[in-house]
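Reminder that position 108 of the sequence shown reads as 689 in the working numbering, one-by-one numbering, no gaps. Backbone N, C-alpha and C define an ideal beta-carbon position, used for all residues, glycine too. This one's a predicted model, so the numbers in the text were calculated from it and none came from an experiment.
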Amino acid sequence: MIETLFPDFDPTSLIGKALLLAIVVTVAIVVQKVSIRFSSKALEKAKVPQASILLNIQRGLIWGFALLFVLGPVFGIEPTGFVATLGVTSVALSLGLQDTVSNLIGGLTIMLSKIIQPGDYVTASGFTGVVTDINWRCTCLKDREGNEQIIPNSVLWKSPFTKLTGGPVSSATVSMVVARDANLAEVAQEAVVEATRAAAKLLDLTQEPLAQFSDISAGGVTMTLTLFLAPGVTSAAVVDVVSRALAEKPWLV
Numbered sequence: 582m583i584e585t586l587f588p589d590f591d592p593t594s595l596i597g598k599a600l601l602l603a604i605v606v607t608v609a610i611v612v613q614k615v616s617i618r619f620s621s622k623a624l625e626k627a628k629v630p631q632a633s634i635l636l637n638i639q640r641g642l643i644w645g646f647a648l649l650f651v652l653g654p655v656f657g658i659e660p661t662g663f664v665a666t667l668g669v670t671s672v673a674l675s676l677g678l679q680d681t682v683s684n685l686i687g688g689l690t691i692m693l694s695k696i697i698q699p700g701d702y703v704t705a706s707g708f709t710g711v712v713t714d715i716n717w718r719c720t721c722l723k724d725r726e727g728n729e730q731i732i733p734n735s736v737l738w739k740s741p742f743t744k745l746t747g748g749p750v751s752s753a754t755v756s757m758v759v760a761r762d763a764n765l766a767e768v769a770q771e772a773v774v775e776a777t778r779a780a781a782k783l784l785d786l787t788q789e790p791l792a793q794f795s796d797i798s799a800g801g802v803t804m805t806l807t808l809f810l811a812p813g814v815t816s817a818a819v820v821d822v823v824s825r826a827l828a829e830k831p832w833l834v
């Protein structure tokens, strides 16, 4: 095909080799874009998570075939000899890269078994968050406050973890002391209403704040206000807003 398009093409010349290499690279890029787009749509239709590990393997295979195609004509290396050498080298490298191989196999196992998928809410290695990605090396989690945890796939696969339901919920608590002679029912209702009004943009309003009383002392009754946060909101921001809103209430000690 190349000789038909370019009658003067000489694969043994430097210009010919450069032209062949450019054509193969261009074809590989086009094939990669088309195949990745097709695979993404197919995965979405089949409801299979589009984690980067699957697409990265596909990219690796495409560029691997492209490399084998140009080894002989461009670099003067026999593909069969290269593959044989690569096989021996791979065995030697695998002995020194056991953790990497283990992470790769663990990531594939996690993805294909669908035990954990991007978007799931899990607790693993003492960290609770949403799975944002599963790549060839690790699984990435992010909590409601934006903190990220990177867990090696081999560790995640071998360690117990908890898959939570209902989505991530984070909360903030504001404690205060209420006068003993105050009407506690009215105080609780007023605190909830005022906190909701003051921090409406920071709260998950699908869950109503909770006002609970605990310790009773000579100074008064301790009330703890629990507020549920909207995604991306820190507890410190809510505590600050609510504390300012309730600071001047007459029933506070």
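{"query": "Using C-beta distances below 8 Å, list every residue in its chain close to F587, excluding the 5 sequence neighbours before and after it, in chain order.", "result": "Model confidence at F587 stands at a pLDDT of 49, short of 50, so the residue's coordinates are unreliable; what they give is reported in the following sentence. Answer for F587: L600, listed in chain order."}
{"query": "Nearest by alpha-carbon distance to T805: which of Q788, V774, T787 and V755 is it?", "result": "V755"}
{"query": "Determine the extent of the beta strand (DSSP E) in which L808 is found, giving its start and end residues.", "result": "V802 to F809"}
{"query": "In this structure, how does DSSP classify Q613 when only helix, strand and coil are distinguished?", "result": "helix"}
{"query": "Which of helix, strand or coil does DSSP assign to E789?", "result": "coil"}
{"query": "For A760, which residues of its own chain have a beta-carbon under 7 Å away from its beta-carbon, when the five flanking residues on both sides are left out?", "result": "G801, W832 and V834"}
{"query": "Excluding the 5 residues flanking T743 on each side, which residues of the same chain have their C-beta closer than 8 Å to its C-beta?", "result": "V703, T704 and A705"}
{"query": "Which whole-angstrom value is the C-beta distance of L791 and T777, which I expect to be below 8 Å?", "result": "That belief does not hold up - the Cβ atoms of L791 and T777 are roughly 12 Å apart, past 8 Å."}
{"query": "Starting from L765, trace the alpha helix (DSSP H) in both directions and tell me its first and last residue.", "result": "L765 to A779"}
{"query": "With DSSP run on the structure shown, which of helix, strand or coil describes D680?", "result": "helix"}
{"query": "I need the DSSP call for A753, collapsed to helix, strand or coil.", "result": "strand"}
{"query": "Can you find the residues in the same chain that come closer than 6 Å, C-beta to C-beta, to A780, ignoring five residues on each side of it along the sequence?", "result": "V819, V822 and V823"}
{"query": "Can you grab the Cα-Cα spacing for the pair W738 / K782, in whole Å?", "result": "39 Å"}
{"query": "Can you give me the C-alpha to C-alpha distance between V814 and N728, rounded to a whole angstrom?", "result": "12 Å"}
{"query": "Tell me whether the region 706–718 and the region 761–775 touch, counting them as touching only if at least three CB pairs, one residue from each stretch, are closer than 8 Å.", "result": "no"}
{"query": "Decide if V768 is buried, meaning its Cβ has at least 16 other Cβ atoms within 10 Å, or exposed.", "result": "buried"}
{"query": "Closest to G645 by C-alpha separation, out of I610, S620 and S621, would be which residue?", "result": "I610"}
{"query": "Which partner residues of G727 appear in the DSSP bridge assignment?", "result": "Paired residue(s): none; G727 is not in a bridge."}
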